[in-house]
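In what follows, a structure is listed as structure tokens, so that the remarks can point back to it.
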Amino acid sequence: MNTEEFGFETQAIRTQLERSQYLEHSVPLYLSSSFVFEDAEDMRASFTEEKERNIYSRFSNPNTTEFVEKICKMEGADSGYAFATGMAAVYSTFVALLNSGDHIVSASSVFGSTHALFMTYFPKWNIETSYFEINKPETIESFIKPNTKILYAESPTNPGVDVIDLELLGNIAKKHNLILIIDNCFATPYLQQPIKFGAHLVIHSATKLIDGQGRVLGGVTVGDAELIRQIYLFSRNTGPALSPFNAWVLSKSLETLAIRVDRHCENALKVAEFLESHPNVNSVKYPFLKSHPQYEIAKKQMKAGGNIIAFEIKGGIEAGRKFLNSIQLCSLSANIGDTRTIVTHPASTTHSKLSEEDQLAVGITQGLVRVSVGLETVEDVIEDLKQALA
């Protein structure tokens, strides 16, 4: 059965490994570190890649293969590789493709650990990064140098929930022969497919909405087959592979991704509208609020607004601390994309390694709060936020 002809939800549910002799309905776990060979010739052909087969679970595993295949179909990608974490995916993707002396042009609004890679670790290998402001895309080309190799962005961004025009990035990458890499974690493949707009590679932290229940860690990069081949060879030798168990969990999670994300988005829009009307809130950012600076772009490239809201409490860091200490129902956690609504203060947690100047440069003020809206009864979430803001 060719699932390519079916809709998103059907592909997510019906893309499965071939059944074993036991004719199981749900794909089993393949908890094996290695796989056996029929004879010496089979072993030789497998290691020279004349045969496509499982050799060792650091290279591939049936559960990991199924998970990657699903993501590829959802994103419209040729190939992919799955990692132990989202940051393993980010790191391995960049290091596999870059050489000493190469240059990255990136949006300045990136996850704190990604920022640390760009500013602390990559310079050790003479790899330089230049940042453009997410709200000034007209400046991007001015940062491109002869040695620029990669153009990178998150959309929506973490934690400011800014949106960038993916089609514009695709055109710039094509014009300057750059590799366009998009972190699509906040949107998921259900809401946005960057490859349609010219991205060569798409990265996900599967720990977030793809898992959706705060259970396991995982990451994945999908896209152009030749680029994925380089990433695969690097990862095969360095060992950041996703575990078969986590791959099995994540593959099962994808079966409910669409229906979960629909409800996340429905709840998040209601929460964003409530926050926008609250007198103790200075500002709210949510891609599908008409007040969002990139609302029209979000509507063009996203199916819905996602589950992340950023809002600024009046009174700065003290008001923010009081708000967090007053939360009763929602969770205080650094994760996002859970069934449970999570409230985070980025300046003191996820982006605390940045200086205050760097935080402000990417829109992180002392009173900024990030809300990952969950699947609870939305009125209960709003009531908790209301009493904490009072």
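So the mapping is simple: my numbering equals the position in the sequence shown, first residue as 1, plus 219. A virtual CB, placed ideally from N, CA and C, is assigned to each residue, including glycine. Computed from a predicted structure; not experimentally measured.
Counting the other CB atoms within 10 Å of its CB gives Trp344 a total below 16, which places it among the exposed residues.
Taking 4 residues as the shortest admissible run, the stretch 239-269 contains the following complete alpha helix (DSSP H) segments, listed from N- to C-terminal end: 259-266. At a cut-off of 3 residues, the continuous stretches assigned as beta strand (DSSP E) that sit fully inside the stretch 383-432 are 398-402, 420-424.
Distance from the Cα of Pro342 is smallest, within the candidate group Gly331, Ser361, Ser328, Asp321, for Asp321. When the alpha-carbon of Ser510 is set against those of Lys522, Ile429, Ile528, Thr358, the nearest one is in Ile528. Contiguous alpha helix (DSSP H) elements confined to the stretch 434-518 occur at 444-457, 463-473, 476-495, taking only those with 4 or more residues. With respect to the 8 angstroms criterion, Cys549 and Val597 are not classified as neighbours on the basis of their beta carbons. Sorting Val592, Ser276, Thr283 by C-alpha distance to the C-alpha of Ala487 places Val592 at the top. Distance between Asp402 and Gly305, taken at the CA atoms: about 10 angstroms. Annotated three-state conformation of Gly299 is strand, per DSSP.
One thing to note: Ser472 has its Cβ no nearer than 8 angstroms to the Cβ of Gly525. Ile561 has Ser550, Ser591 as its beta-bridge partners, per DSSP.
The three-state reading of DSSP puts Lys533 in coil, since its state is none of H, G, I, E or B.
Counting other Cβ atoms within 10 Å of its Cβ, Ser424 reaches 16 or more and is therefore classed as buried.
When the beta-carbon positions are compared, Ile450 and Ser311 come within less than 8 angstroms of each other.
For Asn544, the number of other beta carbons within 10 angstroms of its own is below 16, and it is reported as exposed.
Assignment of Ser311 by DSSP, reduced to helix, strand and coil, places it in the helix class. Per the coordinates, the alpha-carbon of Leu428 lies some 8 angstroms from the alpha-carbon of Phe405.
The C-beta distance from Ala326 to Glu373 rounds to 7 angstroms, short enough to fall under 8 angstroms. Here Glu271 carries a coil assignment [DSSP, helix/strand/coil].
Looking at the DSSP output, Phe351 shares a beta bridge with Ala326.
In this structure Gln520 touches Leu385 by the C-beta definition: roughly 5 angstroms separates them, less than 8 angstroms.
Cβ-Cβ distances below 8 angstroms link Thr426 to Thr304, Gly305, Val435, Leu436, Gly437, Gly438, Asn554, Gly556 in the same chain, with the five nearest sequence neighbours on each side left out; the list follows chain order. Taking one beta carbon from each stretch, the stretch 459-466 and the stretch 490-506 have fewer than 3 pairs nearer than 8 angstroms; the two do not touch. As computed with DSSP, Ala372 is found in a beta bridge with Ile401.
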